[in-house]
Each structure stands twice: as C-alpha cells, then as structure tokens.
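Here the numbering used here is used: the first residue of the sequence shown is 6, the next is one more, and so on.
The beta-carbon is built from N, C-alpha and C at its ideal position, and this holds for glycine as well.
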Amino acid sequence: MAEGFRVGCLSTAERLGNDELHALMDAVVRRDKRESLRLFATVTPLFIAFYEGQVQAGRIKQGETANLAQQALKALYLGQPRYDPNLPFRSWILDIARSTLLGTPDAEAAFDLPASVATRNRREALHVT
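What follows is the structure, given as structure tokens:
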C-alpha cells in the first residue's frame, strides 16, 4: 500500500526539469509577467512543502507557512542578481527557503532546541534519586 503512495508522490510527470526552471527564471529576469507567474505557481508548492516539513519537525507553527512562502517568493524575485544558471535550480530555491526560515525569530529559537534539551538532560543527569 505504501509503495503505490510513494510512487505517486515521486511522480515526475508534471514536474518541470532543471532546464525548464532555468528558462522560467530567465523570463523573470527579462520581466516577462506571464512566465514569472508560471514560475511562482511552480515553486510555491515546493516552498510550502518545505515549510510544512518544518511544521512537522516542530520548528515553526502551522499558521506561518503561507507567510514564509510569500517571503521566499519575494526573496526569489529580489535574489535575481545572485541567481546562477550553472547551479541546480531546486538547490537554489531550497537555499532561499532555508534562509527565509532562519530569518524568523520562532525558527531561530526552534533551532536552538538541541542546546536546551542538552541543558535539561544535564540537569536530569545531576538529579539523582
């Protein structure tokens, strides 16, 4: 049962390839509105999926995903000067998603969690019953 689900999730039938994504980004650089909207429609689900994974990991709250996705789209648009067509496109947008996530105060606190867990564990270790 899980195998069929996995195959469906990994289907590349409707997924644009790296070259197609680069072509769309080139259109954004040229200020082609129609192709810009197509790129944003293509990458928005990728950003949302990334942030939903962060919700599942407990790093952000469920209600923050839409705002973070909007921030990531803005960063993608404003990041055009740093865009390098020689690098994998999905890698670049994941870097944008991570950077946007790390720019939020709640996420920064969540990423400090291992230190707080270590402190709690240290206190528990010192507390002998």
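Can you give the Cα-Cα distance for V34 and D100, rounded to whole angstroms?
Counting from 1 along the sequence shown, the entry for residue 34 is found at position 29. Counting from 1 along the sequence shown, the entry for residue 100 is found at position 95. Distance between the alpha carbons of V34 and D100: 19 Å.
For V60, which residues of its own chain have a beta-carbon under 6 Å away from its beta-carbon, when the five flanking residues on both sides are left out?
Within the sequence shown, residue 60 is the residue found at index 55, counting from 1. Counting only Cβ-Cβ distances below 6 Å, and skipping sequence neighbours, we find Q67.
Is the beta carbon of L83 less than 8 Å from the beta carbon of V48?
Residue mapping note: residue 83 aligns to position 78 of the sequence shown, counting from 1. Residue mapping note: residue 48 aligns to position 43 of the sequence shown, counting from 1. Going by C-beta atoms, L83 is not nearer than 8 Å to V48.
For F55, tell me which candidate among L92, P90, G108, A74 has the shortest Cα-Cα distance.
Here residue 55 refers to the residue found at position 50 of the sequence shown. If you compare the alpha carbons of L92, P90, G108, A74 with that of F55, the shortest gap goes to A74.
Report the rounded CA-to-CA distance for L44 versus R95, giving the unit in angstroms.
As a working note, residue 44 is residue 39 in the sequence shown. As a working note, residue 95 is residue 90 in the sequence shown. Taking the straight line from one Cα to the other gives about 12 Å.
The alpha helix (DSSP H) spanning G58 covers which residue range?
Taking the first residue of the sequence shown as position 1, residue 58 is located at position 53. Run containing G58: 38-61, per the alpha helix (DSSP H) assignment.
With a threshold of 16 other CB atoms inside 10 Å of the CB of L92, please say whether the residue is buried or exposed.
One-based indexing of the sequence shown puts residue 92 at position 87. L92 comes out exposed.
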